[in-house]
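Asker: For the sequence shown, this note's numbering begins at 579 and goes up steadily by one.
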Amino acid sequence: MRSNLWRMPAGAQAAAVRAGEVSAAELVDSHLDRVAEVNPHVNAVTQLLSERAREAAAETDRRRAAGEPLGILAGVPFTVKESTPVAGVPTTFGTERFRDLVASADAPPVARLRAAGAIPIGHSNIPTLIVAGMHTRSELFGDTVNPWDAGRTPGGSSGGDAVAVATGMAALGLGNDSGGSVRVPAQFCGVAGLKPTPGRFPADHRVLGPDDPGPASQMLVTDGPLARSVADLRLAYEVLAGTDPRDPRAVPVPAYGEPLPGPVKVAVVADPGGHGVHPTIRAAVATAADALRDAGYDVREERDVPRLDEALETYGRIVATEFAPTWPAVRALLGEGGDRYLGMAMERTPPASAEEFMRLMGTWMNIRRSWAAYLDASPLLLGPVFTEPPVEPGLESRDRAGLERVASGMRLCTATSFVGVPAVAVPTGIAGGLPAGVQIIGRPFREDLCLAAAQAVEDRLGVLTPVEPRGEHRSPRPETGGARLSSG
């Protein structure tokens, strides 16, 4: 029993620690044993913080013995994306250049999880510098393997967290999302993931020094949790929501809004933009729609979402324009081969002039207005996360056709990040041996409605993980790679 504590949901883990049924030390050791067993097969955990985690667990147990109150996530181990700072640990971004870039403080979401009693157990793998592609492969640590099928990508850029959570190496993962980076790995690995409204969670996405990035990076990137169940995702949401003096963007909006009158309307769009959707994913959307109908939601098929292609084009131009000045330096850091994805993307979407950029910023606001009106009529939107089952690793970097296929696959994720609305990815079942799932999108700052609907889907369709890895990825890892399973 003690060796299988990692199988318990995060909420049950914390409740057992608070009640004294298990110690935080036992809980952490169970997860460390699971990492030792599984990580060699999937390469998701990069920097294992075993000694730090044991020290934090011992402090939790000391506090419980002294009768001190423990947090809602007491003793729960979580992973942190390699790009998100953990105090005293290198924030490598998966690149050799930043191998020794030790963080002086926790990022705000890490600090909030710690304050609730959760324990960081390790960093998790990402694509190099986050931007090398959708597949989780880094210069420093190599490829992360999808535990369902080694021939399919786990997605990215929060792929390491999704795999760690799916296989039971951590109860929660902390990723971030600017166009699907939490939701796509959640679908591909069979877990739940939340992309919040910008400003819902405090964050600090500066990389080097005191300077902040440009407007697109400030407004598009949101930290978000991954979990095996929607209930655990809700716990993480409640902990992460709030303000922090380090982030002036974070706003004091209540975590739960006023109940809506009558049955909540849900618009269903299985093929956003009409660009095609795989039958497996169309079936997943239909299955989730039936689950919501059964739960009492007012579910209605809709032809499309507002201005999808225009949103994608505007998103691409704004991001390319902001990124263009740093591209030569980033390209050098990505190295040979690592720059293929972004190189093709930059050729596909050239930067705008200053005049065009100002017009595009106005278009951005105008598209958000269209979405606000759409969600005013239907508070929730049900659609695909990625319009195909998990694809092969590195498809987006292979050639222009692969790039276009992946960009099209995640188009609803990209659009919803662009317009600044929350979304929850939730599994719907297994198809062809691989997990399938959908996302439920809501009005700004109504994550609670998204979570409630996702819970209704999960209640009827079940939880898919934890899962045992099925085969190993056989491609060679970089000479500098391999997980750094240190005791730090």
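Don't be surprised by glycine CBs; every beta carbon is placed ideally from N, CA and C. Being a predicted model, the structure only gives us computed values, none of them experimental.
How big is the Cα-Cα spacing for residue 720 and residue 621?
Answerer: For the purposes of this step, residue 720 is taken as residue 142 along the sequence shown, with counting starting at 1. For the purposes of this step, residue 621 is taken as residue 43 along the sequence shown, with counting starting at 1. Rounded to the nearest angstrom, the two C-alpha atoms are 8 Å apart.
Asker: Who are the Cβ neighbours of residue 817 in its own chain at under 7 Å, not counting the five residues just before and after it?
Answerer: Taking the sequence shown and counting its residues from 1, the one referred to as residue 817 is at position 239. Excluding residues within five positions, the ones whose Cβ falls inside 7 Å are 650, 651, 690, 691, 694.
Asker: Consult DSSP for residue 1002 and reduce its assignment to one of helix, strand or coil.
Answerer: To locate residue 1002, count along the sequence shown from 1; it is residue 424. If DSSP states are grouped into helix, strand and coil, residue 1002 belongs with the strands.
Asker: Looking only at its chain, what residues have a beta carbon closer than 6 Å to the beta carbon of residue 996, apart from the 5 residues adjacent to it on each side?
Answerer: The residue you call residue 996 lines up with position 418 of the sequence shown. Closer than 6 Å at Cβ, skipping near neighbours: 889, 893.
Asker: Report the partner residues of residue 701 according to the DSSP bridge assignment.
Answerer: As a first step, residue 701 must be located in the sequence shown, where it is residue number 123. Residue 701 pairs with 658.
Asker: If you reduce the DSSP assignment to three classes, tell me which class residue 613 lands in.
Answerer: Translated into the one-based positions of the sequence shown, residue 613 becomes position 35. Residue 613: helix per DSSP, three-state reduction.
Asker: Taking buried to mean at least 16 other C-beta atoms within 10 Å of its own C-beta, is residue 755 buried or exposed?
Answerer: The sequence position of residue 755 within the sequence shown is 177, counting from 1. Buried, by the Cβ-count rule.
Asker: Using 8 Å for Cβ pairs, my map puts residue 660 next to residue 624. What's the rounded Cβ distance?
Answerer: Mapped onto the sequence shown, residue 660 falls at position 82. Mapped onto the sequence shown, residue 624 falls at position 46. Between residue 624 and residue 660 the Cβ distance is about 6 Å, and since that is below 8 Å, they are a contact.
Asker: Sort 919, 700, 954, 1044 by Cα distance to residue 715 and report the nearest one.
Answerer: The residue given as residue 715 occupies position 137 in the sequence shown. Measuring from the Cα of residue 715, the nearest candidate turns out to be 919.
Asker: Between residue 727 and residue 734, what straight-line distance do the alpha-carbon atoms span, to the nearest angstrom?
Answerer: Your numbering for residue 727 matches position 149 in the sequence shown. Your numbering for residue 734 matches position 156 in the sequence shown. Taking the straight line from one Cα to the other gives about 16 Å.
Asker: Taking the runs of the beta strand (DSSP E) that are 3 residues or longer, which of them lie wholly in the region 841-876?
Answerer: As far as the region 841-876 is concerned, its whole beta strand (DSSP E) runs of at least 3 residues are 843-846.
Asker: Going by DSSP, which residues form a beta bridge with residue 770?
Answerer: Sequence index remark: in the sequence shown, residue 770 carries index 192 (1-based). Partner(s): 805.
Asker: Classify residue 736 as helix, strand or coil using the three-state DSSP reduction.
Answerer: Counting from one through the sequence shown, the residue named residue 736 turns up at place 158. Residue 736 falls in the coil class under three-state DSSP.
Asker: Tell me the residue span of the beta strand (DSSP E) that contains residue 940.
Answerer: Translated into positions along the sequence shown, residue 940 becomes position 362. Where residue 940 is concerned, there is no enclosing beta strand (DSSP E), although the alpha helix (DSSP H) it sits in stretches over 932-955.
Asker: State yes or no: is the C-beta of residue 699 within less than 7 Å of the C-beta of residue 672?
Answerer: Here residue 699 corresponds to residue number 121 of the sequence shown, with the count starting at 1. Here residue 672 corresponds to residue number 94 of the sequence shown, with the count starting at 1. Going by C-beta atoms, residue 699 is not nearer than 7 Å to residue 672.
Asker: Mind checking residue 786: buried by the 16 CB within 10 Å criterion, or exposed?
Answerer: Against the sequence shown, residue 786 aligns to sequence position 208. Exposed is the call here.
Asker: Rounded to whole angstroms, what is the Cα-Cα separation between residue 1005 and residue 959?
Answerer: What you label residue 1005 is simply residue 427 of the sequence shown in a count that begins at 1. What you label residue 959 is simply residue 381 of the sequence shown in a count that begins at 1. Taking the straight line from one Cα to the other gives about 16 Å.
Asker: I'd like the list of long-range same chain contacts for residue 736, defined as Cβ closer than 6 Å, with 5 residues on each side in sequence excluded.
Answerer: The count along the sequence shown starts at 1 and reaches residue 736 at position 158. Here the set comprises 659, 753, 759, 760, 763.
Asker: Determine the burial state of residue 990: buried for a count of at least 16 other Cβ atoms within 10 Å of its Cβ, exposed for fewer.
Answerer: Start at 1 with the first residue of the sequence shown, and residue 990 comes out as number 412. Buried, because 16 or more other Cβ atoms sit within 10 Å of the Cβ of residue 990.
Asker: Starting from the Cα of residue 965, find the closest Cα among 1002, 847, 898 and give me that residue.
Answerer: What you label residue 965 is simply residue 387 of the sequence shown in a count that begins at 1. Nearest of 1002, 847, 898 to residue 965, Cα basis: 847.
Asker: Mapping the DSSP letters down to three states, classify residue 582 as helix, strand or coil.
Answerer: The residue you call residue 582 lines up with position 4 of the sequence shown. Helix, per DSSP.
Asker: Report yes if the CB atom of residue 814 is closer than 7 Å to the CB atom of residue 777, and no otherwise.
Answerer: Along the sequence shown, one-based indexing puts residue 814 at 236. Along the sequence shown, one-based indexing puts residue 777 at 199. Not closer than 7 Å, so no.
Asker: Please look up how many angstroms separate the CB atoms of residue 863 and residue 999, rounded, as I've assumed it's under 8 Å.
Answerer: As a working mapping, residue 863 is identified with position 285 in the sequence shown. As a working mapping, residue 999 is identified with position 421 in the sequence shown. Rounded, the Cβ-Cβ distance is 18 Å, inconsistent with contact.
Asker: Looking at the structure shown, is residue 632 part of a helix, part of a strand, or coil, going by DSSP?
Answerer: The residue given as residue 632 occupies position 54 in the sequence shown. Reduced to three states, the DSSP call for residue 632 is helix.
Asker: What does the alpha-carbon distance come out to for the pair residue 1034 and residue 873?
Answerer: As a first step, residue 1034 is located in the sequence shown; it is residue number 456 there, counting from the start. As a first step, residue 873 is located in the sequence shown; it is residue number 295 there, counting from the start. Looking at the two C-alpha atoms, the distance is approximately 6 Å.
Asker: For the 8 Å Cβ check, are there 3 or more pairs between the region 979-986 and the region 933-942?
Answerer: Too few Cβ pairs lie closer than 8 Å, so no.
Asker: In whole angstroms, what separates the C-alpha of residue 741 from that of residue 852?
Answerer: The count along the sequence shown starts at 1 and reaches residue 741 at position 163. The count along the sequence shown starts at 1 and reaches residue 852 at position 274. Spanning the two alpha carbons is a distance of roughly 31 Å.
Asker: Can you say whether residue 812 is buried or exposed, counting buried as having 16 or more other CB atoms within 10 angstroms of its CB?
Answerer: On the sequence shown, residue 812 is found 234 positions in, with the first residue counted as 1. Per the 10 Å Cβ criterion, buried.
Asker: Write down every uninterrupted run of the alpha helix (DSSP H) in the region 669-731 whose length is 4 residues or greater and which is fully enclosed by it, in chain order.
Answerer: The region 669-731 contains these whole alpha helix (DSSP H) runs: 686-693.
Asker: On the three-state DSSP scale, how would you describe residue 879?
Answerer: Working through the sequence shown from its first residue, we reach residue 879 at position 301. If DSSP states are grouped into helix, strand and coil, residue 879 belongs with the strands.
Asker: I'd like the list of long-range same chain contacts for residue 821, defined as Cβ closer than 8 Å, with 5 residues on each side in sequence excluded.
Answerer: If you number the sequence shown from 1, residue 821 lands on position 243. Result list for residue 821: 780, 828, 829, 830, in chain order.
Asker: Residue 921: which of 582, 682, 902 sits nearest, CA to CA?
Answerer: In the sequence shown, the residue the question calls residue 921 occupies position 343. Checking every option, the nearest Cα to that of residue 921 belongs to 902.
Asker: If you follow the beta strand (DSSP E) that residue 1013 is part of, which residue opens it and which one closes it?
Answerer: In the sequence shown, residue 1013 corresponds to position 435, counting from 1. Element bounds for residue 1013: 1012-1020.
Asker: Go to residue 745, then tell me how far its alpha helix (DSSP H) extends in each direction, as first and last residue.
Answerer: What you label residue 745 is simply residue 167 of the sequence shown in a count that begins at 1. That residue, residue 745, is in no alpha helix (DSSP H); it is neither H nor E in DSSP.
Asker: Tell me the DSSP secondary structure of residue 997 in three-state form.
Answerer: Within the sequence shown, numbered from 1, the residue matching residue 997 stands at position 419. Helix at residue 997.
Asker: Can you tell me which of 926, 803, 1001 puts its alpha carbon nearest to the alpha carbon of residue 897?
Answerer: Taking the sequence shown and counting its residues from 1, one reaches residue 897 at position 319. Answer by Cα proximity: 926.
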